[in-house]
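Undergrad: Okay, handing you the structure first.
Numbering (our numbering), first residue to last: 42 to 259.
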């Protein structure tokens, strides 16, 4: 059974509340496909625990749903303070060696910029994420599902065995179609366009999960 990891900041409200819901949905989808899922959330979403869990379990891929900065991904609070989970050295020692051999798909701000490039240098075979901020719009006005329908399939296709580069290309098409569909609504199509411009893939575009639904490939 192939192992994957899903890291998410289990918070209510705002962007993190939206992303947490996406992570839970993706986790169920992965389990239905037969993956063993390592859930990294709650007290595990910290620098020490993220490092230890990734090094110990060695998942094939990490899907990350949390806050991001240009130099690190952000976890849950420890003693009232938010800390990095994966960092290139943002006030603490770099732990990017933890993603060596592990692909990363991140729904976090800035992951595919400087941080993602350093993950690739540290041995991450492929990374898909956003070079700038991710804009999800608000669930309050009923638009969140539009963004989920165009962005979450990026991760789902990879679970189905699609190469990461092809999944990103398909997501570009999904975003363009949504932009055309909602071109009369500036508060929808502008964030979608911003996400389209920011979505980036680094490393090996042909990397994929060697998996067939219901059974391992041989």
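The beta carbon of each residue, even a glycine, is placed where N, CA and C say it ideally should be.
Quick one, which of 118, 112, 156 has its alpha-carbon nearest residue 86's?
TA: Residue mapping note: residue 86 aligns to position 45 of the chain shown, counting from 1. Among 118, 112, 156, the Cα nearest to that of residue 86 belongs to 118.
Undergrad: Say whether the region 80-99 touches the region 185-203, bearing in mind that this needs 3 or more beta-carbon pairs closer than 8 Å, one atom from each stretch.
TA: Contact between the region 80-99 and the region 185-203 is absent, because fewer than three Cβ pairs lie under 8 Å.
Undergrad: Please determine if the region 164-180 and the region 136-149 are in contact, where contact requires at least 3 C-beta pairs separated by less than 8 Å.
TA: Judged by Cβ distances under 8 Å, the region 164-180 makes contact with the region 136-149, as three or more pairs qualify.
Undergrad: Does the separation of the CB atoms of residue 100 and residue 161 fall below 8 Å?
TA: In the chain shown, the residue the question calls residue 100 occupies position 59. In the chain shown, the residue the question calls residue 161 occupies position 120. No, these two residues do not count as a Cβ contact at 8 Å.
Undergrad: Can you tell me whether DSSP reads residue 58 as helix, strand or coil?
TA: For the purposes of this step, residue 58 is taken as residue 17 along the chain shown, with counting starting at 1. In the structure shown, residue 58 sits in a helix (DSSP, three-state: H, G or I).
Undergrad: By how many angstroms is the C-alpha of residue 234 removed from the C-alpha of residue 224?
TA: As a position in the chain shown, residue 224 is number 183, starting the count at 1. As a position in the chain shown, residue 234 is number 193, starting the count at 1. For residue 224 and residue 234, the distance between alpha carbons rounds to 10 Å.
Undergrad: Quick check: residue 48 and residue 97, are their CB atoms within less than 8 Å of each other?
TA: Here residue 48 refers to the residue found at position 7 when the chain shown is read from its first residue. Here residue 97 refers to the residue found at position 56 when the chain shown is read from its first residue. Result no, Cβ atoms of residue 48 and residue 97 do not sit closer than 8 Å.
Undergrad: Let me know if residue 186 comes out buried or exposed under the rule of 16 or more other beta-carbons within 10 Å of its beta-carbon.
TA: As a working note, residue 186 is residue 145 in the chain shown. Exposed is the call here.
Undergrad: Quick check on this structure: which residue in 206, 151, 202, 232 has the alpha carbon closest to the alpha carbon of residue 216?
TA: Counting from 1 along the chain shown, the entry for residue 216 is found at position 175. The shortest C-alpha separation from residue 216 is found at 232.
Undergrad: Looking at residue 108: is its Cβ nearer than 8 Å to the Cβ of residue 159?
TA: Residue 108 sits at position 67 when you count from the first residue of the chain shown. Residue 159 sits at position 118 when you count from the first residue of the chain shown. Against a cut-off of 8 Å, the Cβ pair of residue 159 and residue 108 comes out as no contact.
Undergrad: Looking at the unbroken alpha helix (DSSP H) that takes in residue 205, where does it start and where does it end?
TA: Walking along the chain shown from the start, residue 205 turns up at place 164. Per DSSP, residue 205 belongs to the alpha helix (DSSP H) from 205-222.
Undergrad: In terms of DSSP beta bridges, what is residue 123 paired with?
TA: Counted from its first residue, the chain shown places residue 123 at position 82. Per DSSP, 118.
Undergrad: If the criterion is Cβ atoms closer than 8 Å, does the pair residue 35 and residue 178 meet it?
TA: Residue 35 lies beyond the stretch modelled for the chain, which goes from 42 to 259, so this question has no answer here.
Undergrad: So residue 95 and residue 163 are in contact, right, with Cβ under 8 Å, and what is the actual spacing, rounded?
TA: Along the chain shown, read from residue 1 onward, the residue named residue 95 stands at position 54. Along the chain shown, read from residue 1 onward, the residue named residue 163 stands at position 122. Not a contact, Cβ separation roughly 12 Å.
Undergrad: Mind reading off the beta-carbon distance from residue 126 to residue 114? Whole number of angstroms is fine, and I expect it under 8 Å.
TA: The residue given as residue 126 occupies position 85 in the chain shown. The residue given as residue 114 occupies position 73 in the chain shown. So it is a contact: roughly 5 Å between Cβ atoms.
Undergrad: I think residue 205 touches residue 246, with their Cβ atoms under 8 Å apart; what is that distance to the nearest whole Å?
TA: To locate residue 205, count along the chain shown from 1; it is residue 164. To locate residue 246, count along the chain shown from 1; it is residue 205. Contact flag correct, Cβ pair sits at about 6 Å.
Undergrad: In whole angstroms, what is the alpha-carbon distance linking residue 260 and residue 56?
TA: Residue 260 lies beyond the stretch modelled for the chain, which goes from 42 to 259, so this question has no answer here.
Undergrad: Can you tell me which of the three DSSP states residue 139 falls into?
TA: To locate residue 139, count along the chain shown from 1; it is residue 98. It is helical.
Undergrad: In angstroms with no decimal places, state the Cα-to-Cα distance between residue 93 and residue 134.
TA: Translated into the one-based positions of the chain shown, residue 93 becomes position 52. Translated into the one-based positions of the chain shown, residue 134 becomes position 93. If you take the alpha carbons of residue 93 and residue 134, they lie about 14 Å apart.
Undergrad: Quick test of your reading: residue 116 and residue 91, contact by CB under 8 Å. State the CB separation rounded to the nearest angstrom.
TA: Position 75 of the chain shown, counting from 1, holds the residue named residue 116. Position 50 of the chain shown, counting from 1, holds the residue named residue 91. So it is a contact: roughly 7 Å between Cβ atoms.
Undergrad: Excluding sequence positions up to five away, which residues of its chain have a Cβ less than 6 Å from the Cβ of residue 191?
TA: In the chain shown, residue 191 corresponds to position 150, counting from 1. Around residue 191: 215, 216, 219.
Undergrad: For the alpha helix (DSSP H) that contains residue 186, what are its first and last residues?
TA: Along the chain shown, one-based indexing puts residue 186 at 145. Looking at the DSSP string, the run of the alpha helix (DSSP H) that includes residue 186 is 185-192.
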